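The opening residue of the sequence shown carries number 1 in UniProt numbering; numbering runs sequentially from there. Where is the CB? At the ideal position from N, CA and C, for every residue including glycine. As the structure is a prediction and not an experimental result, all values here were calculated from the model.
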Amino acid sequence: MSDAAGTGGDTRSEVAARVPFAELCGLLEKLSKTQGNDKKKRILKDFVDKWRNLHSEVHKDDADTTTDSFYPAMRLLLPHLERERMAYGIKENGLARLMIKVLCLGKDSPDAQRLLNYRAVKTARGDAGDFASMAYFVLKPRCPQQGSLTIQQVNEKLDAIASNNAAKKKTAVEESILYLLKHLSALEQKWLVRMIVKELKVGLSQASVLSVYHMDAEDFFNVNNNLEKVCRLLRDPATRMHEIGISVFSPFTPMLGDRASPDKVEKLMEGKPYFIETKFDGERVLLHKKGDEYKYFSRSGNEYTNVFGATPFDGTLTPYIANCFKPEVETCILDGEMLGYHAATKTYGTKGEQFDIKSRDGAEAKGYQPCVVVFDVLLYNNRVLTNLPLRQRLEFLEKVVEPVEGRVKISEHREAHTNQDCADALNDAIDGREEGIMVKDPETAYRPNTRKGGWFKIKPEYVGGLMDELDILIIGGFFGEGHRGGMMSHFLCGVAVPSQDGGEPKVFHSFCKVGSGYSKKQLAEFNQRLADHWQVFDKRNPPDCIQLASGFKEKPDAWIQPDKSCILQVKAAEIIPSERFKVGYTLRFPRVEMIREDKPWYDCMTTADIEELRQKSGGKLAGVRFELGEGDGGEGATEAGPSKKKRRIAPRTTQPRLMARFRGADVSDVEQVSQLLAGREVCVMNGPSDFPKAELERKVVELGGTFVQNPGHTTSFVLAEKTVVKVSNLIRTDKYDIVKVDWFRKVVDSGRWIPWTPGDMIHASPATRKQFQMDYDEYGDSYTADITEEQLRHIFGSMGQGDVSVSAVSSEDIALVEEEYFPDESPYGLFRTCRIYMDSNLVVGDSTTHIATSSLDLLALELRFFGATVTTELDEGVSHVIVDDRDLSRLEQLKVVRRSRKKKFHIVTEEWVRACLEEGGLYPEKTFEL
Numbered sequence: 001m002s003d004a005a006g007t008g009g010d011t012r013s014e015v016a017a018r019v020p021f022a023e024l025c026g027l028l029e030k031l032s033k034t035q036g037n038d039k040k041k042r043i044l045k046d047f048v049d050k051w052r053n054l055h056s057e058v059h060k061d062d063a064d065t066t067t068d069s070f071y072p073a074m075r076l077l078l079p080h081l082e083r084e085r086m087a088y089g090i091k092e093n094g095l096a097r098l099m100i101k102v103l104c105l106g107k108d109s110p111d112a113q114r115l116l117n118y119r120a121v122k123t124a125r126g127d128a129g130d131f132a133s134m135a136y137f138v139l140k141p142r143c144p145q146q147g148s149l150t151i152q153q154v155n156e157k158l159d160a161i162a163s164n165n166a167a168k169k170k171t172a173v174e175e176s177i178l179y180l181l182k183h184l185s186a187l188e189q190k191w192l193v194r195m196i197v198k199e200l201k202v203g204l205s206q207a208s209v210l211s212v213y214h215m216d217a218e219d220f221f222n223v224n225n226n227l228e229k230v231c232r233l234l235r236d237p238a239t240r241m242h243e244i245g246i247s248v249f250s251p252f253t254p255m256l257g258d259r260a261s262p263d264k265v266e267k268l269m270e271g272k273p274y275f276i277e278t279k280f281d282g283e284r285v286l287l288h289k290k291g292d293e294y295k296y297f298s299r300s301g302n303e304y305t306n307v308f309g310a311t312p313f314d315g316t317l318t319p320y321i322a323n324c325f326k327p328e329v330e331t332c333i334l335d336g337e338m339l340g341y342h343a344a345t346k347t348y349g350t351k352g353e354q355f356d357i358k359s360r361d362g363a364e365a366k367g368y369q370p371c372v373v374v375f376d377v378l379l380y381n382n383r384v385l386t387n388l389p390l391r392q393r394l395e396f397l398e399k400v401v402e403p404v405e406g407r408v409k410i411s412e413h414r415e416a417h418t419n420q421d422c423a424d425a426l427n428d429a430i431d432g433r434e435e436g437i438m439v440k441d442p443e444t445a446y447r448p449n450t451r452k453g454g455w456f457k458i459k460p461e462y463v464g465g466l467m468d469e470l471d472i473l474i475i476g477g478f479f480g481e482g483h484r485g486g487m488m489s490h491f492l493c494g495v496a497v498p499s500q501d502g503g504e505p506k507v508f509h510s511f512c513k514v515g516s517g518y519s520k521k522q523l524a525e526f527n528q529r530l531a532d533h534w535q536v537f538d539k540r541n542p543p544d545c546i547q548l549a550s551g552f553k554e555k556p557d558a559w560i561q562p563d564k565s566c567i568l569q570v571k572a573a574e575i576i577p578s579e580r581f582k583v584g585y586t587l588r589f590p591r592v593e594m595i596r597e598d599k600p601w602y603d604c605m606t607t608a609d610i611e612e613l614r615q616k617s618g619g620k621l622a623g624v625r626f627e628l629g630e631g632d633g634g635e636g637a638t639e640a641g642p643s644k645k646k647r648r649i650a651p652r653t654t655q656p657r658l659m660a661r662f663r664g665a666d667v668s669d670v671e672q673v674s675q676l677l678a679g680r681e682v683c684v685m686n687g688p689s690d691f692p693k694a695e696l697e698r699k700v701v702e703l704g705g706t707f708v709q710n711p712g713h714t715t716s717f718v719l720a721e722k723t724v725v726k727v728s729n730l731i732r733t734d735k736y737d738i739v740k741v742d743w744f745r746k747v748v749d750s751g752r753w754i755p756w757t758p759g760d761m762i763h764a765s766p767a768t769r770k771q772f773q774m775d776y777d778e779y780g781d782s783y784t785a786d787i788t789e790e791q792l793r794h795i796f797g798s799m800g801q802g803d804v805s806v807s808a809v810s811s812e813d814i815a816l817v818e819e820e821y822f823p824d825e826s827p828y829g830l831f832r833t834c835r836i837y838m839d840s841n842l843v844v845g846d847s848t849t850h851i852a853t854s855s856l857d858l859l860a861l862e863l864r865f866f867g868a869t870v871t872t873e874l875d876e877g878v879s880h881v882i883v884d885d886r887d888l889s890r891l892e893q894l895k896v897v898r899r900s901r902k903k904k905f906h907i908v909t910e911e912w913v914r915a916c917l918e919e920g921g922l923y924p925e926k927t928f929e930l
C-alpha cells in the first residue's frame, strides 16, 4: 500500500489516513471482474494482510493500546451492516438529483435524463439498470483522472452526509457531495455510489468477507452486531472469539427458533424431556443493566433506550422495573419479549392491533404500557452464562428479578415428554389466541444468531390446516377513486419463487389483490412511505422480477422493486382457484392485519408454501385445533416418554378402506317400514348433531329409499344441514336439488311425502326453479296453496332480509360482488362477512328479561344496515358474539362454548362496532375482546 499525501497531525496514527481511497476502489474493481469465490477471497486477503503490515509499522510502539483497526475499510466493504452510522437517507433517485444540481446539468439534458432514467433501456449504458455504472459514464468527463482522498477522508465526508441528512441540512449534504465530486475520479465515484446505496455487487458474501478477515469474525459479529468492535478486538488473527465473550452494553443478535410441528417434537428431542413456553407476539428485546444504567436493543441491534429509559428516572419502562432487580444484581443481560400490556383489561396486545410499543406515543394512544417478558439470562454479575445449559440459566434467572404485574414477567415453562403434550400446548395457545408456543431443549447452550441451537417455534401457520394469516409481499398498486383518489388504494401482492441456490428470491408470482383492513389515515401514511419507489407498469415491457397471469388479467397501475417493498400480514377466509393470478390461486376476502416491519422483504411466503398450505388444509385458513395422527405420539404415549414401537405383523391381505366419515351407514339391521321413498336415490351430505348423517341414511332406507355417498345422474335429491365446501361445489354444478334436513324431518314426522317449497331448498335445480316460478312469487308465497302461520312468518322474514326465494343470495355472494365492482364506494358492506350473535338478555334483579329497545337490539338493526348477518342462534357459522357490558353473567359460558368449537368466534362489546364504523374498516378485535 502506498502512503497518501497530505496526512498530518493526528491522522498519522490512523492506517486509513495512509491508504488512498483509489486503492480500495481498485480492489473492488478487481474483485468484480474476477471469477470464482476462492480467487476473490485470495485477492481480498492480500489487501487485508497489507493493511495489517502497515498497522504494525504505524503502531509498533502502541500496538496494545490503539483503537485503530481495519474498521474504516470494512465498513465500506460491508456498508449494509452499518445501518445507523451510515444512514444517508439517499437512494439512486436522490443521488441523481444531487448530481444534476452540483454539476449544473440542465434537467432536460441527455446526461440528466440518463441519471434520472438509468433503468430505461434506451438510456442505459454498461450494466443496464445499474445507477453506479450510469453515473460513471456521466461523471467521467467531469471528474479528475486520479482521486486525492484517503479512506479516512472519504469516511469523514460520508459521516458528515449522514449526520447532516439526519439534521435535514440539505445545503451541507450538497456541499459534501460536491467536495467528493471534485476530489474523486469517476471510477471512485462509481464505487462510492454503491457504498451509499449499500450494494457493492462484487460477488462476495458477508460471510466470505468476514472469514477473510478472521475465522471467528462472523460468529463474533452475530454476538454483538458491532462491526467496529469485531475489527478492533480481532485485529490479531491468533485471537479467538471465546477469549472475548459477551459484554454489557454491546448489542448482539439473540438466539432464534427453528420452525417445527407437534408431530416431530419427540424426534427432534431424541425422546428426552423438553420445555414448553408461550410464544409471545411482541418485539424481541435484550435488556442490559449495569448499576443504574440500562440499555435496550432489538433483535437486529437497533437501540431503543431513549424510549424505555436509560436510568430509573426516565423512559416508559425503566422507572417501573428498576426496583424489581434483586439487590445483589450489579450487571446482567436478559433476553425477552417486549409486549404491550392493557392495564384496564389486564390483557396483552398483539402486533395485529397496529400499535408500536417502541414509540412513546403510539402505544399510549391505544392504552398500552410496555411490559417485558423475560425468558433467559445471558450474563449475571459479569459472569457469561451462555455456555451453561438452559436448565441452569433458568435457575440464575430466579436470582435476577421479581415479577411485577404489567411491567416485568418471567415466562413460565413446563416440562413435557411426548408429541401429545406439545399438541395439547399448541391447542391451548390456539384457544387462548396466543401466537404459538416455543419448544426448547433444556440441555442446550445459548448460541447467538442461530436457528439450530435446540429452540423451536410452533405456530398455527406452520401447521397445515391451522394457519389463518399469510405474509405476502407488495409487488404492485392500483390507483383509488373517490375519497381514495390520488393514491394507491389497493395492492397487488405476490409470493416468492424459491431460489435454486437458497439465496434471496429473484422472481415473485402475483397471488392476490387486497384493499381492506386499514383506515384512511393508515393508507395515506403507507402511500407516503412507498411514494418514491413506485414505477409505471409497462405492459409491453413488464419487469422480470414480477410475473403476472397469462394475459395480465390482474395488471397493476404501478409496480415496485421487491427489495424496496414490504411484507403485509394478511388474513383471509380460504385459498381458492383463480386464473387472474400467476400462482393459480388467490385469497377469498383478504384483509390486511398489519405491516410486518420486523421482516425483510425476502422473508415472505413462497409458491411452495402456498401449495403446501393449500394441499394440507384444503385451502381453509380459519384456525382449528391440531389433532395428532395415528402413531404421532397420541395413543400409547406416557408421561415417562414416547411409546415404544411394537413389532407389527402384516395381515395376509390389506384392503384399502375409506375413512369413517366418508363411509356410509351400516344398514344391515334396518327394517323397511314404508314405501315413502321407494325408487328414490338420496345423497346425504351432512346433518345436525341430533340427526347425524348416519341416522339420516338409516331413515332413508327405513322409508324405502336408497342412499349414495356422491350424487350421480340417478340421484333424486341431496339432503344437507350446512353449506360446507362439498355442498358449495354441488351448488356450482347447478345439477341437483339440495334440500334442507328440516324438510325431511317433517316428512318423517308426518309419514307422507310433502312437496318442496322454496323455503325448503338450499339450492334448486333448473327444472325445480322453473316449476317454482310457476307456483310461487319472488318471496316464496304460493299462488294457489294456503299457507300456515309459520310459513307466513318465514316469508315476511325473507322479505325483511332481502332474500330471494328461488336461489338464496348469501352475504358472501354479495361480498364478492361488492369487492369486484364496488371496492371503494360503498360502506354498507362493512360487516358483510360477519355472522353475529347478539347476547341481549339483561339480568334485572333475580329475573331475566328481554328488553326490546335495549342497546343491542338497536345495534342489531345498525349492523344489518351495514351488511352483517345477525342470527338468534349461536350456531357454527357465528364469527362474533356481542355482549352488553352491563351484564357479563354469561361470559364464562360463552367462552366454554367457544373452546369447544373448531371455528372460534370473537366475544366483543358494542365498542368494537363503534370503532369499526369510525375507522371505516374492520378494526382488530383484540382490543375489545372479553
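Taking a 10 Å sphere around the C-beta of MET195, we find 16 or more other C-beta atoms and assign the residue as buried.
Considered as a whole, the UniProt domain "ATP-dependent DNA ligase family profile" (363-497) harbours 390-397 and 419-431 as its complete alpha helix (DSSP H) runs of no fewer than 4 residues, in chain order. Sequence-distant Cβ neighbours of ILE567 in its own chain, meaning closer than 6 Å and more than five residues away, are ASP471, LEU473, ARG596, LYS599 and CYS604. Buried is the label assigned to CYS493, since at least 16 other Cβ atoms lie within 10 Å of its Cβ. With respect to the 8 Å criterion, SER176 and LYS157 are classified as neighbours on the basis of their beta carbons. Within the same chain, HIS490, PHE491, CYS493, LEU568, VAL570, LEU587, PRO590, ARG591 and VAL592 come within 8 Å of VAL514 by CB-CB distance, once the 5 residues on both sides are set aside. Contact check for LYS582 against SER510 passes: the beta carbons are separated by less than 8 Å. In this structure, ASP68 places its C-beta atom within 8 Å of the C-beta atom of VAL15. Checking the DSSP bridge columns, you'll see ILE246 has no partner listed.
Per DSSP, LYS693 is one residue of the alpha helix (DSSP H) stretching across 693-702.
In this structure TYR118 is buried. Its beta-carbon is surrounded by 16 or more other beta-carbon atoms within 10 angstroms. For GLU175, the uninterrupted alpha helix (DSSP H) segment begins and ends at 170-183.
Distance from the CA atom of GLU671 to the CA atom of LYS440, rounded to whole angstroms, is 58 Å. Contact between LYS555 and LYS539 holds: their C-beta atoms lie close to 6 Å from each other, under 8 Å. Boundaries of the beta strand (DSSP E) around PHE511: 508-514. Of MET438, VAL536, ILE795 and TYR179, the smallest CA-CA separation from ASP557 is found for VAL536. A distance below 8 Å separates the beta carbons of GLY867 and LEU830. Counting every other CB atom within 10 Å of its CB across the protein chains shown gives ASP376 a total of 16 or more, marking it as buried. Take the alpha-carbon of GLY271 and the one of TRP455: they are about 15 Å apart.
The DSSP assignment places 607-617 as complete runs of the alpha helix (DSSP H) inside the region 580-617, in order along the chain (cut-off: 4 residues).
For ASP335, the enclosing beta strand (DSSP E) starts and ends at 331-342. ASP111 and SER148 have their alpha carbons spaced roughly 25 Å apart. Listed as beta-bridge partners of VAL682 by DSSP are PHE707 and PHE717.
Burial is judged here by how many other beta carbons sit within 10 angstroms of a residue's own beta carbon; TYR783 has fewer than 16 and is exposed. Between the beta-carbon of ARG580 and that of ALA531 there is about 27 Å, and that puts the pair past the 8 Å contact cut. Taking PRO251 as reference, the option from ALA207, ARG232 and SER300 with the minimal CA-CA separation is SER300. Around the beta carbon of LEU613, 16 or more other beta carbons lie within 10 angstroms, which makes this residue buried. Under the 10 Å beta carbon count, GLU415 is surrounded by fewer than 16 other beta carbons and is classified as exposed.
Just measuring C-alpha positions, the residue of LEU116, PRO262 and GLY436 sitting nearest ALA132 is LEU116. Between the beta-carbon of LYS279 and that of LYS459 there is about 7 Å, and that keeps the pair under the 8 Å contact cut.
Burial is judged here by how many other beta carbons sit within 10 angstroms of a residue's own beta carbon; GLY712 has fewer than 16 and is exposed. A buried status is given to SER261, since no fewer than 16 other beta-carbon atoms sit within 10 Å of its beta-carbon.
Its chain contains HIS288 and LYS295 as the residues whose beta carbon lies nearer than 6 Å to that of PHE249, once the 5 sequence neighbours on both sides are disregarded; these appear in chain order.
The continuous stretches of alpha helix (DSSP H) do not include ARG142, and DSSP gives it neither H nor E. Excluding its 5 nearest sequence neighbours in each direction, GLU504 has C-beta neighbours in its own chain below 7 Å: TYR602, listed in chain order. Inter-residue distance for ASP669 and TYR776 is about 42 Å (C-alpha atoms, whole angstroms).
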